[in-house]
Structures are given as structure tokens and as C-alpha cells.
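Engineer: Residue numbers (my numbering): 221 to 311.
Backbone N, C-alpha and C fix where the C-beta goes; we use that ideal spot for every residue, glycine too.
Note that the structure is a prediction, hence the values are computed from the model and not measured.
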Amino acid sequence: NDMELRIHYTKLPQGLSLDALKLELAQVLEEDGWLTGSGSAGEGGWLELELEDERANPKYGILAVKHDLQRMGFAKDTTIELAGVPVGIYE
221 NDMELRIHYT KLPQGLSLDA LKLELAQVLE EDGWLTGSGS AGEGGWLELE
271 LEDERANPKY GILAVKHDLQ RMGFAKDTTI ELAGVPVGIY E
């Protein structure tokens, strides 16, 4: 009963590598979720996360991820996609 979340970004913030981003997200999610895949396209790319919603409200995980991406300085066109619906991280 997990929820899939996909992050789409057009560019990584300056000084941030994809590996550093993955590590950061893993720490933010801790036991509430995990990384299931990633890919890149030019300077942009995507990350796929699986959120566990048995113990915690998945909204908590979604907000934690959004907040973290904002804090890391991701561009305004970065989106989080849930069940096929993309939402801007600053929305």
C-alpha cells in the first residue's frame, strides 16, 4: 500500500550532484520511504521515490520532500508527481 512519488527537475541546484541529492532525500525520508529509481536528461532528470503510507501519513513525506527541495534551491519549474499529477514544489 505504498505511494509512488516522482520528482522532475530541469536542472540541479549549483554545487549539488545527483548522488548528493539522493543521499539528502534518503536522510529526509528515513524509514518513511526510499528511492526506487532515477534518470537524467541533459541537465535535468527525475527521481522516483516510494513512500510507505502504513505508519505515517504520506502527506508528511510529500511535504518533507517539497520542503527539502525548496531548501536546496531547486528551480520553480521543479515538480513532484503523484499518481500522474504533477505539482510545483512551490505550490
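Tell me the residue span of the alpha helix (DSSP H) that contains Ile309.
Structural biologist: Counting along the chain, Ile309 falls outside any alpha helix (DSSP H), and DSSP gives it neither H nor E.
Engineer: Taking Cβ positions, are Ala246 and Leu238 nearer each other than 8 Å?
Structural biologist: Cβ distance not < 8 Å, so Ala246 and Leu238 don't count as in contact.
Engineer: Does DSSP put Asp222 in a helix, in a strand, or in coil?
Structural biologist: In the structure shown, Asp222 sits in a strand (DSSP, three-state: E or B).
Engineer: Can you check DSSP and say which residues form a bridge with Glu244?
Structural biologist: The partner list for Glu244 (beta bridge, DSSP) is empty, contrary to what the question assumes.
Engineer: So is Lys296 buried or exposed if we call it buried at 16+ other beta carbons inside 10 Å?
Structural biologist: Classification of Lys296: exposed, given that the 10 Å Cβ count is below 16.
Engineer: Here's the rule: buried if 16 or more other CB atoms are within 10 angstroms of the residue's CB, otherwise exposed. What is Gly253?
Structural biologist: Under this definition Gly253 is a buried residue.
Engineer: Using beta-carbon positions only, say whether Ser260 and Glu268 come within less than 8 Å of one another.
Structural biologist: No, these two residues do not count as a Cβ contact at 8 Å.
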